[in-house]
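Engineer: The opening residue of the sequence shown carries number 2 in the numbering used here; numbering runs sequentially from there.
All residues carry an ideal CB built from backbone N, CA and C; glycine is no exception.
One structure, pasted below without further comment.
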Amino acid sequence: MGDEQRRPAAAAPPGRAPLGAGSLAANIVAQSALLIAKLARESGDGATAAQAQRIAARAGALSAANDEAFTAATLQLAATARGEGDAFGLEVALAEAAATPRVICEAACDLALLSAEAADTGDGSRRADFIAIAQLSAAAASSAALLVRTNLTVGEDDWRLSSATAAAVEAARAAQRAAALEH
């Protein structure tokens, strides 16, 4: 089942800390996307609001998925350290722990691009908000790419790392384009 077809889960509720930085990045994307959706609705831009709402739902689901993958990988690593784990279970858990931040990175990139577009063509009185969201999204993408890069199953030539790095670079460029509109 594709990420777009999953039932959206809510971002971590206020007061409950995410289990890892991947969940935090996903929560930043989810909350930022909800703000863009609100601002776009207020200015009558239904298309941007709908796109932002989809990104928010996707990121909320990814936050929960990242917590699950992080927990599974942590448990497998601990079991292996005690001599109780199996190599296949550890490999699967670590692969999932790399996959989820990669998809978080892509969602953050999508939001950075949407934010930059909104900063350029949307309500000028909210341009600073759109620019800030583009910057937050780029930071979330960069953070998620770091988590992919540091995963024990990911090598320098791994497609997951290439994909995450490309998304983080694209998000950073979008944030830079948006920031240039401020001047």
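By Cβ distance, which residues of its chain are closer than 6 Å to residue 66, with the 5 residues on each side in sequence left out?
Structural biologist: The sequence position of residue 66 within the sequence shown is 65, counting from 1. Sequence-distant Cβ neighbours of residue 66 in its own chain, meaning closer than 6 Å and more than five residues away, are 101.
Engineer: Taking the alpha-carbon of residue 122 as reference, which of 23, 182, 30 and 34 has the nearest alpha-carbon?
Structural biologist: As a working note, residue 122 is residue 121 in the sequence shown. When each option's Cα is compared against that of residue 122, the closest is 182.
Engineer: Could you give the residue range of the alpha helix (DSSP H) that holds residue 30?
Structural biologist: Against the sequence shown, residue 30 aligns to sequence position 29. 22-43 is the extent of the alpha helix (DSSP H) around residue 30.
Engineer: Identify whether residue 9 lies in helix, strand or coil by the three-state DSSP scheme.
Structural biologist: As a working mapping, residue 9 is identified with position 8 in the sequence shown. The pLDDT assigned to residue 9 is 40, lower than 50, so where the model puts this residue is not dependable, and the model offers no usable value.
Engineer: For residue 135, which residues of its own chain have a beta-carbon under 7 Å away from its beta-carbon, when the five flanking residues on both sides are left out?
Structural biologist: By 1-based counting over the sequence shown, the position of residue 135 is 134. Around residue 135: 113, 116, 117, 120, 175, 176 and 179.
Engineer: Do the CB positions of residue 37 and residue 53 come within less than 8 Å of each other?
Structural biologist: Residue numbering aside, residue 37 sits at position 36 when the sequence shown is read from its first letter. Residue numbering aside, residue 53 sits at position 52 when the sequence shown is read from its first letter. For residue 37 and residue 53, yes; Cβs fall inside 8 Å.
Engineer: For residue 172, which of helix, strand or coil comes out of DSSP?
Structural biologist: If you number the sequence shown from 1, residue 172 lands on position 171. Note: residue 172 maps to helix in three-state DSSP.
Engineer: Might you give, ordered along the chain, the residues of its own chain that have their beta carbon closer than 6 Å to the beta carbon of residue 165, omitting 5 neighbours on each side?
Structural biologist: Along the sequence shown, one-based indexing puts residue 165 at 164. Result list for residue 165: 103, 106, 146 and 149, in chain order.
Engineer: Alpha carbon to alpha carbon, what distance is there between residue 111 and residue 98?
Structural biologist: Here residue 98 refers to the residue found at position 97 of the sequence shown. Here residue 111 refers to the residue found at position 110 of the sequence shown. Going from the Cα of residue 98 to the Cα of residue 111 covers about 21 Å.
Engineer: Could you check whether the segment 71-86 touches the segment 38-48, counting it as contact only if at least three pairs of C-beta atoms, one from each stretch, sit closer than 8 Å?
Structural biologist: Between the segment 71-86 and the segment 38-48, the count of Cβ pairs shorter than 8 Å is below three; the stretches do not touch.
Engineer: Could you compute how far the alpha carbon of residue 162 sits from the alpha carbon of residue 144?
Structural biologist: Reading the sequence shown from its first residue, position 161 is the one you call residue 162. Reading the sequence shown from its first residue, position 143 is the one you call residue 144. One C-alpha to the other measures close to 12 Å.
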